[in-house]
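Inspection log for the structure reproduced underneath, given as structure tokens.
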Amino acid sequence: MSTDRLVRFIAVGIVLLLVVSIAGFFLYRAPTRSLPNEADINAIYQVVGEFGARLKDVVITTSDQNVITAVDFNLKQLITDRLYQVFVQDKIRIPGRYVSSPWPERIEIVSVQMLDSGSYTVNGSQIVMTDDTLAHGGNAGETPITLTLKKVNGTWLIDDVTGGPKA
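Numbering follows the working numbering, in which position 38 of the sequence shown is assigned residue number 38; successive positions increment by one, without gaps.
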């Protein structure tokens, strides 16, 4: 009888040890999601900043050929081929300059969120200016804008844009 009790005690001990070991493994294992890389975040800020600063030079209300030329000259090196094709096929999707004033001046980043190791979502505000606000400070308005960036051949490029002022 005491042998049965000893066997039962050892069996319960082994089961408890296994349960604690498995629980410890799942609770304390290293996270599989990688953390944002500071160099990537800096590169993303640079690409978004450059993109926002160049939008004023892309006048959407000109001829289709002039719009494509402006996108080629100002934006093409900052966007993926997929987004370039979207812009060429539907110029209303380009968050550029629709009127002489106000014009898009810059994009202020509100947040950067990692989607996976090769893509991020950037939420921000597209700041528009007029001659008066440029001379006296402030801005003529802000519009929410969201950009998706992807790493293509080691370079961060904008793959999608939603928001921004439209005509």
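Backbone N, C-alpha and C define an ideal beta-carbon position, used for all residues, glycine too.
query                                                                                          : result
Cβ neighbour criterion (16 or more within 10 Å) applied to I10                                 : exposed
Among Q126, R97 and T155, nearest to T142 - alpha-carbon criterion                             : Checking the displayed sequence, the identity of residue 142 turns out to be Glu instead of Thr. Comparing Cα positions, the closest option is Q126.
I44 versus Q113: straight-line alpha-carbon distance, rounded                                  : 11 Å
Status (buried if at least 16 other CB within 10 Å, exposed otherwise) for A135                : exposed
Under the three-state DSSP convention, the category T3 falls into                              : helix
CB of N139 within 7 Å of CB of T146, strictly                                                  : no
Coarse secondary structure for L75, derived from DSSP in three states                          : coil
Reduced DSSP category for N66 - H, G, I as helix; E, B as strand; rest coil                    : helix
Straight-line gap, L27 to V12 (C-alpha atoms, nearest Å)                                       : 22 Å
Alpha helix (DSSP H) segment containing D133, residue limits                                   : Note on identity: in this sequence residue 133 is Thr, with Asp being the wrong assignment. Note, T133: alpha helix (DSSP H), D131 to H136.
Contacting residues, own chain, Cβ-Cβ under 8 Å from L16 (five flanking each side not counted) : none
Cβ neighbour criterion (16 or more within 10 Å) applied to E105                                : buried
From V67, F25 and V48, residue whose alpha carbon lies closest to that of T121                 : V48
Boundaries of the alpha helix (DSSP H) in which I44 is found, first to last residue            : E38 to R54
Cβ-based neighbour list, N153, same chain, cut-off 6 Å, excluding 5 preceding and 5 following  : none
Under the three-state DSSP convention, the category I109 falls into                            : strand
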